[in-house]
Structures are given as C-alpha cells and as structure tokens.
Amino acid sequence: MDNESGDDAVWQTALDWLMREHEETLSDADREALHAWLAASSQHRQVFHEAEQLWLLTGMIPSGDERSG
Amino acid sequence: MDTQTWSAELEDIFVNQRPRLCCVAARVLGNADQADDVVQDAYLKISEATTLFEVRQPISYVSRVVRNLAIDRCRRSAFELTLFAKEEEGEAASYASHSPEVIAIDRQALAQVVDALDELPERTRRAFELYRSGSHTQREVAHLLGISTTLVNFMIRDALTHCRQSLKGQTLSGR
Chain Y
5 MDNESGDDAV WQTALDWLMR EHEETLSDAD REALHAWLAA SSQHRQVFHE AEQLWLLTGM
65 IPSGDERSG
Chain H
4 MDTQTWSAEL EDIFVNQRPR LCCVAARVLG NADQADDVVQ DAYLKISEAT TLFEVRQPIS
64 YVSRVVRNLA IDRCRRSAFE LTLFAKEEEG EAASYASHSP EVIAIDRQAL AQVVDALDEL
124 PERTRRAFEL YRSGSHTQRE VAHLLGISTT LVNFMIRDAL THCRQSLKGQ TLSGR
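Taken in sequence, the protein lines are chains Y and H. Under the numbering used here, the first residue of the first sequence is numbered 5, with each subsequent residue one higher. Under the numbering used here, the first residue of the second sequence is numbered 4, with each subsequent residue one higher.
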C-alpha cells in the first residue's frame, strides 16, 4: 500500500467527521472546519469520499431488529 | 417474504407513507424543497439493496435510510454552497459534482461489506451495528455493552477500516 501511515491518518480524520455528524448536527464552525479540511488536499477529498460511500453502504444494512431470518 | 411480495410492500410504503417519509427528510434538511427527492432516492437505493436482505420491520428500516440519505444530502449541499461562495474550480468542484443521484448502490460492494462485518469479532460487530443501524451514540453503545466509550470508538473504526480493506482487496483481486 502506498503512503500507508499518511493515508491512515487521513482515513481516521474522515471517520472522525462522519461519526461526529452521525451523532450531532455540526455547528457552522465545524462545517467550515470540515470544508477547509476537504479543500486543503485532493487526498483528503478522495479519502473522505471513499469513507462516506462506505458509510452510506453500511447504512443500507438492516439492523438485527429490522432483519428477519 | 418473496421478492415480488417485498417489492409490492416497498411500493406500498413509499406511496402510502410518503408524507411521513418526506417529513423525516425535511426535518433533517431544514426545509421541504429537497425532501421528495431524497425519498425518491431512498426508494431506488432500497430497491437495489434489499435484494440482499429480508427486512422484517420495513417502516423503521425505510425511515432510517431516508434519514441517512437526508444527512448525506445536507453535507453535500453545504459543501457545494461553500464552493460557490469561494468560487473555487477544478478538483474541489469535482467533489461536489458527485450528486447523490449518481451514487448508485453497488450491490456487489454492499454484499462484500456485509461479509466483512460478519468476519469481525462478535462484540465489535454488535457495537458497530448498534451505532450505525441502531442509531445509538457511542456513549449509549458503551452503556448497552458495558464497555468504555473509548473502546466503542476503536471498535467502530476497526469495523469501518476492515470493510475498507475488504473492498480494496476485492478491487485488487478483480484486476
């Protein structure tokens, strides 16, 4: 894997944002911080996009209570 | 439930519960403008995704997916607004052009994610499910499982990272 440690740090930051957003409505300041982070590098955008796609997929899976069988 | 019965039930929910579902979306979005769009998007995605699952509590599942997609839509439109405000172009703008409509549910990727989650240690899988699908906060998950919030935080990261690696592995082996 290329640039593994740097990529992992970016991945973890992307997860931080998604988890925060999942738990609370981001304040305007938070949202600005997220946008600044995304605007800072194409790697940030690419990894964040990957994380939000995965996040969306996991959100499509029914929970144990919602699922049968 | 066979596929046909499920399709009929799904359609029934989206027709008869539409005002309620639009309400769920509008509450997240803060206005009603895009709510109908989000609900339609949810219908398409759920039709794709649920070929993989049997859903026993369709209303609660559908409402939750609508809410998820509304949150997703919010994030994207807020980012687009920032971009317009800054009049940026190029790569940053291309991020915003990934509108929710163009992101179809990749059924194969979804199946891969389901398998990856099943590979996790039982407690990690449970913590992740409570967090993501059960819509509990990390603190609540910690309380429910009798473990620390810090551990829950690590488990959620582990779960998502494991899914990511699994999807990457598939890409590599698929070449």
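C-beta atoms are modelled at their ideal positions from N, C-alpha and C, and glycine is treated no differently.
Residues of the region 48-65 of chain Y whose Cβ lies closer than 9 Å to any Cβ of chain H, in chain order: R49, Q50, F52, H53, E54, A55, E56, Q57, L58, W59, L60, L61, T62, G63, M64, I65
task: Please go through the same chain and pick out, in chain order, the residues whose beta-carbon is closer than 8 Å to the beta-carbon of H:V42, but skip the five residues on each side of it.
output: The residue given as residue 42 of chain H occupies position 39 in the second sequence. Answer for H:V42: F17, R21, L24, C25, A28, V69, listed in chain order.
Touching by the beta-carbon criterion (3+ pairs, under 8 Å), the region 63-70 of chain Y and the region 52-63 of chain H: yes
Cβ neighbours of H:W9 in the same chain (closer than 7 Å, five flanking residues each side left out): By 1-based counting over the second sequence, the position of residue 9 of chain H is 6. T53.
message: Give me, in chain order, the residues of the same chain whose beta-carbon lies closer than 7 Å to that of H:L133; leave out the 5 immediate sequence neighbours on both sides.
response: For this step, residue 133 of chain H is matched to residue 130 along the second sequence. Excluding positions up to five away in sequence, the list reads H139, V144, L147.
- request: Report yes or no: is there a C-beta of chain H within less than 7 Å of the C-beta of Y:R24?
  value: Position 20 of the first sequence holds residue 24 of chain Y. Answer no: the Cβ-Cβ gap between Y:R24 and chain H never drops below 7 Å.
- request: Specify the secondary structure class of H:R59 as computed by DSSP and reduced to three states.
  value: The residue labelled residue 59 of chain H in the question sits at position 56 within the second sequence. Looking at H:R59 - three-state DSSP - the assignment turns out to be coil, as it is neither helix nor strand.
Own chain partners of H:A45 with C-beta closer than 6 Å, once the 5 adjacent residues on each side are dropped: On the second sequence, residue 45 of chain H is found 42 positions in, with the first residue counted as 1. Around H:A45: V68, V69, L72.
- request: Please report how far the alpha carbon of H:E91 lies from the alpha carbon of Y:A43, in whole angstroms.
  value: Taking the second sequence and counting its residues from 1, one reaches residue 91 of chain H at position 88. Taking the first sequence and counting its residues from 1, one reaches residue 43 of chain Y at position 39. Because the pLDDT of H:E91 is 45, which lies under 50, any placement of that residue in the model is unreliable, and the number read from its coordinates should be weighed accordingly. Taking the straight line joining both Cα atoms gives about 9 Å.
query: In chain H, which residues lie with their C-beta within 9 Å of the C-beta of Y:S31?
result: Walking along the first sequence from the start, residue 31 of chain Y turns up at place 27. Correct list: empty, because the minimum Cβ distance to chain H is about 12 Å.
message: Let's test the definition: count the other Cβ atoms within 10 Å of the Cβ of H:A119 and tell me whether it reaches 16, buried, or not, exposed.
response: The sequence position of residue 119 of chain H within the second sequence is 116, counting from 1. It counts as buried.
- prompt: Since H:L13 and H:P61 are thought to touch, with beta carbons under 8 Å apart, how far apart are those beta carbons, to the nearest angstrom?
  reply: Counted from its first residue, the second sequence places residue 13 of chain H at position 10. Counted from its first residue, the second sequence places residue 61 of chain H at position 58. Indeed, because the Cβ distance is near 7 Å, the residues count as touching under 8 Å.
query: Does the beta-carbon of H:K171 have 16 or more other beta-carbons within 10 angstroms, so that it is buried, or is it exposed?
result: What you label residue 171 of chain H is simply residue 168 of the second sequence in a count that begins at 1. Classification for H:K171: exposed.
field: When H:M158, H:R142, H:Y64, H:L32 are compared against H:P124, the one with the closest alpha-carbon
entry: For this step, residue 124 of chain H is matched to residue 121 along the second sequence. Taking only the C-alpha atoms, the option nearest H:P124 is H:M158.
- request: Closer than 9 Å by beta-carbon distance: list the chain Y residues that pair up with H:T140, in chain order.
  value: By one-based count along the second sequence, residue 140 of chain H stands at place 137. The contacting residues are H26, E27, E28.
query: Is the distance from the Cβ of Y:W21 to the Cβ of Y:L38 below 7 Å?
result: On the first sequence, position 17 is the one that residue 21 of chain Y refers to. On the first sequence, position 34 is the one that residue 38 of chain Y refers to. In this structure, Y:L38 lies closer than 7 Å to Y:W21 by Cβ.
- request: Specify the secondary structure class of H:S100 as computed by DSSP and reduced to three states.
  value: Residue 100 of chain H sits at position 97 when you count from the first residue of the second sequence. Low local confidence applies: a pLDDT of 46 at H:S100 is under 50, so the model's placement there is unreliable, with the coordinate-based value given in what follows. Note: H:S100 maps to coil in three-state DSSP.
query: Name the DSSP beta bridge partners of Y:R71, please?
result: Walking along the first sequence from the start, residue 71 of chain Y turns up at place 67. H:V58.
Chain Y contact for H:Y64 (CB, 7 Å cutoff): Indexing the second sequence from 1 puts residue 64 of chain H at position 61. Interface residue, yes.
task: For chain Y, find out if any of its Cβ atoms is closer than 7 Å to the Cβ of H:E90; answer yes or no.
output: Within the second sequence, residue 90 of chain H is the residue found at index 87, counting from 1. Confidence at H:E90 is low in this model, with a pLDDT of 44, below 50, so the placement of that residue should be treated as unreliable; the coordinate-derived value is given next. Judged by the 7 Å Cβ criterion, H:E90 is not in contact with chain Y.
task: Identify the contact partners of H:I108 in chain Y, using a Cβ-Cβ distance below 9 Å as the criterion.
output: In the second sequence, the residue the question calls residue 108 of chain H occupies position 105. The contacting residues are L60, L61, M64.
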